[in-house]
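*Asks:*
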Amino acid sequence: MCPRDQLYKFITLVFAYTVIVAIFLFRLILPLYMAFAAGAMLFVISDEILPETHAKGRSRLATFDIIIRYIIMMTLDNLLGRQPFLPGNFSGCS
């Protein structure tokens, strides 16, 4: 076995344990970080992937429009009884 392969495995193991410990330590604020990441991803999608939404100087309006529509979609999803996919929730899969 190559020493470099052993080093890669060791580094992967160290960082895996570091992430596991960090998740247990920051369990209370992790949802806030995830919400921030989701909001940032919505902005990136509206700004980079859909550039025509930012035409004619209406970028802020277009971004808020996408976010509001996403909130409405998720609200209707929950009101109509469809549960979002969660790890360990395989009831929707056949």
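Position one of the sequence shown corresponds to residue 116 (the numbering used here), numbered consecutively onward.
Where a beta carbon is used, it is the ideal one built from N, C-alpha and C, also for glycine.
Since this is a predicted model, take the numbers as computed values, not measurements.
1. Along the alpha helix (DSSP H) that carries G154, what are the first and last residues, could you check?
2. Taking contact to mean 3 or more Cβ pairs, one atom from each stretch, closer than 8 Å, check whether the segment 163-177 and the segment 139-149 are in contact.
3. Would the beta-carbon of L157 fall within 8 Å of that of I182?
4. Note down the Cα distance separating L140 from I126, rounded to an integer number of angstroms.
5. In the structure shown, what three-state DSSP assignment does R142 receive?
6. Quick one: Cα of V136 to Cα of D180, how far?
7. Consult DSSP for R184 and reduce its assignment to one of helix, strand or coil.
*Replies:* With the structure as the only source:
1. Against the sequence shown, residue 154 aligns to sequence position 39. From DSSP, the alpha helix (DSSP H) with G154 extends over L145 to V159.
2. Contact between the segment 163-177 and the segment 139-149 is absent, because fewer than three Cβ pairs lie under 8 Å.
3. Locating residue 157 in the sequence shown gives position 42, counting from the first residue. Locating residue 182 in the sequence shown gives position 67, counting from the first residue. The beta carbons of L157 and I182 sit closer together than 8 Å.
4. Along the sequence shown, read from residue 1 onward, the residue named residue 140 stands at position 25. Along the sequence shown, read from residue 1 onward, the residue named residue 126 stands at position 11. A direct Cα-Cα distance of roughly 21 Å separates L140 from I126.
5. The residue given as residue 142 occupies position 27 in the sequence shown. Three-state result, R142: coil.
6. Your numbering for residue 136 matches position 21 in the sequence shown. Your numbering for residue 180 matches position 65 in the sequence shown. So the alpha carbons of these two residues sit roughly 38 Å apart.
7. Here the question's residue 184 lines up with position 69 in the sequence shown. In this structure, R184 counts as helix in the three-state DSSP scheme.
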